[in-house]
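This is the structure in structure tokens:
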């Protein structure tokens with residue numbers, strides 16, 4: 059079985075290819091924010107930040123169900139080891155419509171929030187100015 063196109067894009071660190079797997083109205087549920095990221099552009103900004111934040115990112119497992127793919131990963135955020143799961147739900151065209159990220163342990167989720175938060179704020183400010 060071939061790997062999911064999103065997985066291949068992440069492993070190539072190809073942001074454009076990652077974004078191409080998203081439906082225009084994709085929704086991403088983050089482990090560190092209450093409000094989801096809605097729409098391809100908002101999710102793309104987050105993916106760009108995550109590519110800069112995670113170190114030694116690698117997928118370890120890929121599981122498939124009816125209209126769903128689960129990608130298990132390991133990475134580092136600073137000195138914290140992170141283990142996580144990308145739960146990906148597809149639309150009828152095979153594009154990602156719903157993306158839920160879960161991470162453990164709590165100390166890793168906190169490190170992720172601390173690393174990503176300021177970058178998200180800066181990206182939101184830049185988007186408002188343009």
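Residue numbers (our numbering): 59 to 188. Every residue gets a Cβ at the ideal spot worked out from N, C-alpha and C, and that includes glycine. Being a predicted model, the structure only gives us computed values, none of them experimental.
### Query
Between the C-alpha atoms of residue 114 and residue 129, what's the straight-line distance to the nearest angstrom?
One Cα belongs to residue 114, the other to residue 129, and the distance between them is close to 16 Å.
### Task
Would you give the residue range spanned by the beta strand (DSSP E) that residue 157 belongs to?
Where residue 157 is concerned, the enclosing beta strand (DSSP E) stretches over 154-162.
### Message
Looking only at its chain, what residues have a beta carbon closer than 6 Å to the beta carbon of residue 102, apart from the 5 residues adjacent to it on each side?
### Response
So the qualifying residues of the chain are 77.
### Complete runs of the alpha helix (DSSP H) confined to the region 93-166 [at least 4 residues]
You should have 98-111.
### Message
Judging by CA-CA distance, which residue of 150, 73, 121 and 108 is the nearest neighbour of residue 90?
### Response
The residue with the shortest Cα to Cα distance from residue 90 is 108.
#### Entry: Continuous beta strand (DSSP E) stretch holding residue 82: start and end
Per DSSP, the unbroken beta strand (DSSP E) holding residue 82 starts and ends at 80-87.
### Task
Could you check which residue in 93, 143, 84 and 150 has the C-alpha nearest to that of residue 117?
Restricting attention to 93, 143, 84 and 150, the CA atom closest to the CA of residue 117 is found in 143.
### Query
Quick one: what does DSSP say residue 177 is sitting in, helix, strand or coil?
Three-state DSSP puts residue 177 in a helix.
### Query
Thinking just about the alpha-carbon of each residue, which of 153, 159 and 140 is nearest to the one in residue 87?
Distances from the alpha-carbon of residue 87 to those of 153, 159 and 140 put 159 closest.
### Task
Could you tell me if residue 137 is buried or exposed, where buried requires 16 or more neighbouring beta carbons within 10 angstroms of its beta carbon?
Residue 137 comes out exposed.
### Task
Return the residue from the list 119, 82, 71 and 70 that minimises the CA-CA distance to residue 148.
Residue 148 has its Cα closest to that of 82, out of 119, 82, 71 and 70.
### Query
Which residues mark the beginning and the end of the alpha helix (DSSP H) in which residue 67 is found?
Taken as a continuous stretch (DSSP letters only), the alpha helix (DSSP H) holding residue 67 covers 63-69.
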